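Undergrad: Counted the way our numbering counts, the sequence shown spans residues 0 to 458. Glycine is no exception: its CB is placed at the ideal position from the N, C-alpha and C atoms. Bear in mind that the values here come from a model prediction, so they are computed numbers and not experimental data.
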Amino acid sequence: MYTISNRLKTFSIILIVLGVLGVAYGFMTSHKSLEEVKTMLAQDGHGGGHEATTEAHVVAGDNEHADNTHDANAHDATADVEHGSHDDEHAAHVQERLAKRPWSALYVAAFFFMMIALGVLAFYAVNVAAQAGWSPLLNRVMEGITAYLLPGAIIVVAIAVGSHYIGHHNEIFIWMNPEVVADDKLIQNKSGYLNIPWFIIRAVIFIAGWVAYRHFARKFSIAQDTAEPGDNRNFKKAFRIAAAFLVFFIYTESIMSWDWIMSVDPHWFSTLFGWYVLAGMLVSGVTVIAMVTIFLKSLGHLPLVNDSHIHDLAKYMFGFSVLWTYLWFSQFMLIWYANIPEEVTYFVTRIEDYKLPFFGMLILNFLFPLLILMNSDYKRIPWFVIMCGVLILVGHYIDIFVMIMPATAGDQWFIGIPEIGSILLFGGLFLLVVFSSLAKAPLTVKNNPFLKESEHFHY
């Protein structure tokens with residue numbers, strides 16, 4: 000039975016502490032006065048003095064020309080006032096975006112790690128419902144990772160709602176701001192759906208359903224360990240609830256992706272969005288399963304897991320990466336080709352202000368997995384799978400980053416201390432919860448009717 004080491008606990012706690020410090024620094028440095036923002040913009044060459052330079056040449060004794068000069072000066076004064084007002088408005092807009100950056104960084108990291116746990120839960124349910132023969136030796140690893148789902152999902156919702164109630168105009172979701180809604184007819188038309196009470200109610204339904212399945216699946220899995228030989232009642236119960244959960248999941252995952260991600264841009268929508276988020280969720284989840292499995296094997300645990308299991312996990316990493324790319328291209332190509340202004344603005348913003356992360360994630364999420372995992376032999380090399388897994392996880396973090404940040408921080412983005420601190424905070428919490436859960440039950444299931452098949456699995 001696996002026991003979480005003091006070294007791993009200490010490492011996780013250090014990550015959490017460093018993360019808290021980074022997040023605190025992000026919040027302390029994000030709130031700038033209007034004058035500080037104006038100075039910053041002037042130094043960057045983005046704001047400030049749009050000066051009217053009209054010159055009036057006065058000819059002495061020419062009354063008509065003097066009148067024209069007076070009119071020109073009055074026009075210049077009016078222009079200066081208008082430009083000053085425009086500069087103030089622009090500076091206030093930038094000030095608001097700077098204040099939203101640490102909230103958005105926190106939200107991106109929180110969603111990313113929650114997404115991993117949810118993707119693993121879906122993958123686990125698919126294997127149970129399909130009565131897959133290769134995966135029972137990995138069941139406890141998947142159950143351990145899904146332990147993060149409850150705290151992770153609660154944190155995501157708390158940050159989303161907290162960004163509205165804490166501070167002023169910090170909302171990650173602009174439809175939570177009544178001043179914005181009052182001036183926006185389109186958001187007003189969606190306010191029957193996009194409002195805080197219904198947002199929370201839907202979140203409670205999602206989380207309750209996901210966590211309830213995880214609780215009973217884990218309960219039946221452990222109960223099967225102590226069942227009499229040939230008694231598969233708990234296995235059959237797990238099979239039935241897995242099939243029911245997958246129906247619930249496919250609906251709630253789509254709605255969750257609309258609520259928790261897509262609605263940051265309430266003027267834009269995509270019918271492919273739920274599937275797109277699902278593909279990223281699955282590839283990230285399977286990647287973490289592979290990495291945790293390889294780590295545990297390196298410590299001498301999971302002795303019955305062989306190269307073929309790692310090979311199959313790497314195949315899923317490869318396959319889901321291709322699926323993600325297909326859905327990304329399908330969404331991008333259709334919107335780009337149709338060139339409808341209210342649709343294409345989503346990608347225009349990201350290409351203009353986020354060109355490096357937008358196209359960089361394609362290399363990390365498609366090109367590298369394609370080149371590294373195409374060869375069947377490479378899928379059996381643990382360090383190769385780990386290396387590819389790190390690239391995939393970085394790529395899908397950037398994917399979530401690019402989904403959220405343009406709508407909140409706009410062009411005032413940077414992957415700096417707030418973003419890295421948020422990753423360390425939730426990464427440390429993820430490790431602590433997952434490995435603590437792994438220590439609560441034997442890492443190898445017993446009395447599973449497909450256990451022998453999994454033990455002798457060879458590709």
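1) Considering only residues of the same chain and omitting the five flanking positions on each side of Y315, which have a CB-CB separation below 6 Å?
2) For R96 and M280, what's the separation of their Cα atoms in angstroms?
3) In whole angstroms, give me the CA-to-CA distance for V460 and D230.
4) Between F244 and the rest of its own chain, which residues show a CB-CB distance below 7 Å, the 5 nearest in sequence each way excluded?
5) Classify P265 as buried or exposed, calling it buried when 16 or more other Cβ atoms lie within 10 Å of its own Cβ.
6) Thinking just about the alpha-carbon of each residue, which of I362, I422, R139 and Y396 is nearest to the one in G21?
7) How many angstroms separate the CA atom of W209 from the CA atom of I254?
8) Once DSSP output is grouped into helix, strand and coil, what is the label at N305?
9) My guess is that L14 and G426 are in contact by the Cβ rule of under 8 Å, so how many angstroms apart are they, rounded?
10) Could you work out which residue in E178, W174 and Y396 is closest to R191 when comparing CA atoms only?
11) If I'm right that V282 touches I391 with Cβ under 8 Å, what's the distance once you round it to whole angstroms?
12) Of the choices N364, V291, V16 and F319, whose alpha-carbon is the least far from that of I419?
13) Looking at C-alpha atoms only, which residue of L442, G299 and L431 is the closest neighbour of G151?
14) Any idea what DSSP makes of P448, helix, strand or coil?
15) What does the Cβ neighbour count give for P356, buried or exposed, with the cut at 16 atoms within 10 Å?
16) Let's test the definition: count the other Cβ atoms within 10 Å of the Cβ of A406 and tell me whether it reaches 16, buried, or not, exposed.
17) Considering only residues of the stretch 418-449, which uninterrupted alpha helix (DSSP H) runs meet the minimum length of 4 residues and lie entirely inside it, listed in chain order?
18) Hey, quick one: how far does the alpha helix (DSSP H) through E142 stretch, first residue to last?
19) Expressed to the nearest angstrom, what Euclidean distance is found between the alpha-carbon atoms of P135 and P448?
20) Return helix, strand or coil for S190, following the three-state DSSP convention.
21) For the alpha helix (DSSP H) that Y164 lies in, which residues bound it at each end?
22) Under the rule that 16 or more other beta-carbon atoms within 10 Å means buried, what is Y396, buried or exposed?
23) Could you tell me the alpha carbon to alpha carbon distance between G25 and V304, rounded to whole angstroms?
24) In its own chain, which residues sit with a C-beta less than 8 Å from the C-beta of L7, not counting the 5 before and 5 after it?
25) Among the residues of its own chain, which have a CB less than 7 Å from the CB of V276, if the five just before and after it don't count?
26) Just to confirm before moving on: does the CB-CB distance between I115 and V384 stay below 8 Å?
27) Round the Cβ separation of S307 and F215 to the nearest angstrom and send it over; I've been treating them as touching at under 8 Å.
TA: Quick look at the numbers:
1) Sequence index remark: in the sequence shown, residue 315 carries index 316 (1-based). Result list for Y315: V285, in chain order.
2) What you label residue 96 is simply residue 97 of the sequence shown in a count that begins at 1. What you label residue 280 is simply residue 281 of the sequence shown in a count that begins at 1. Looking at the two C-alpha atoms, the distance is approximately 28 Å.
3) Residue 460 lies beyond the range of the chain shown here (0 to 458); nothing can be said about it.
4) On the sequence shown, position 245 is the one that residue 244 refers to. Taken in chain order, the residues that qualify are A124 and Y212.
5) For the purposes of this step, residue 265 is identified with residue 266 of the sequence shown, where counting begins at 1. P265 comes out buried.
6) As a first step, residue 21 must be located in the sequence shown, where it is residue number 22. Minimum Cα distance to G21 is reached at I422.
7) The residue labelled residue 209 in the question sits at position 210 within the sequence shown. The residue labelled residue 254 in the question sits at position 255 within the sequence shown. Going from the Cα of W209 to the Cα of I254 covers about 13 Å.
8) The count along the sequence shown starts at 1 and reaches residue 305 at position 306. It is coil, neither helix nor strand.
9) In the sequence shown, the residue the question calls residue 14 occupies position 15. In the sequence shown, the residue the question calls residue 426 occupies position 427. Yes, L14 and G426 are in contact; Cβ-Cβ is about 6 Å, under 8 Å.
10) On the sequence shown, position 192 is the one that residue 191 refers to. Note on identity: in this sequence residue 191 is Gly, with Arg being the wrong assignment. Nearest option by C-alpha distance: W174.
11) If you number the sequence shown from 1, residue 282 lands on position 283. If you number the sequence shown from 1, residue 391 lands on position 392. With 8 Å as the limit, V282 and I391 qualify as a contact, their Cβ atoms being about 6 Å apart.
12) Locating residue 419 in the sequence shown gives position 420, where the first residue counts as 1. Ranking the options by Cα distance to I419, first place goes to V16.
13) Walking along the sequence shown from the start, residue 151 turns up at place 152. Looking at the Cα atoms, L431 is the closest of the given residues.
14) As a working mapping, residue 448 is identified with position 449 in the sequence shown. Three-state result, P448: coil.
15) Taking the first residue of the sequence shown as position 1, residue 356 is located at position 357. Answer is buried; the Cβ neighbour count reaches 16.
16) Indexing the sequence shown from 1 puts residue 406 at position 407. With 16 or more other Cβ atoms within 10 Å, it is buried.
17) Complete alpha helix (DSSP H) runs here, min 4: none at all.
18) The residue you call residue 142 lines up with position 143 of the sequence shown. N138 to T145 is the span of the alpha helix (DSSP H), which, as asked, contains E142.
19) Locating residue 135 in the sequence shown gives position 136, where the first residue counts as 1. Locating residue 448 in the sequence shown gives position 449, where the first residue counts as 1. Distance between the alpha carbons of P135 and P448: 9 Å.
20) For this step, residue 190 is matched to residue 191 along the sequence shown. DSSP places S190 in the coil class of the three-state scheme, outside both helix and strand.
21) Counting from one through the sequence shown, the residue named residue 164 turns up at place 165. Segment L148 to Y164, the alpha helix (DSSP H) holding Y164.
22) In the sequence shown, counting from the first residue as 1, residue 396 sits at position 397. Y396 should be labelled buried.
23) Here the question's residue 25 lines up with position 26 in the sequence shown. Here the question's residue 304 lines up with position 305 in the sequence shown. When the Cα atoms are used, G25 and V304 turn out to be separated by approximately 43 Å.
24) In the sequence shown, the residue the question calls residue 7 occupies position 8. Closer than 8 Å at the Cβ level, and outside the excluded window around L7, lie L430 and F434.
25) Reading the sequence shown from its first residue, position 277 is the one you call residue 276. S256 and I260, listed in sequence order.
26) Residue numbering aside, residue 115 sits at position 116 when the sequence shown is read from its first letter. Residue numbering aside, residue 384 sits at position 385 when the sequence shown is read from its first letter. Going by beta carbons, I115 and V384 fall outside the 8 Å limit.
27) The residue given as residue 307 occupies position 308 in the sequence shown. The residue given as residue 215 occupies position 216 in the sequence shown. Going by Cβ atoms, the distance from S307 to F215 rounds to 30 Å, so no, they are not a contact pair.
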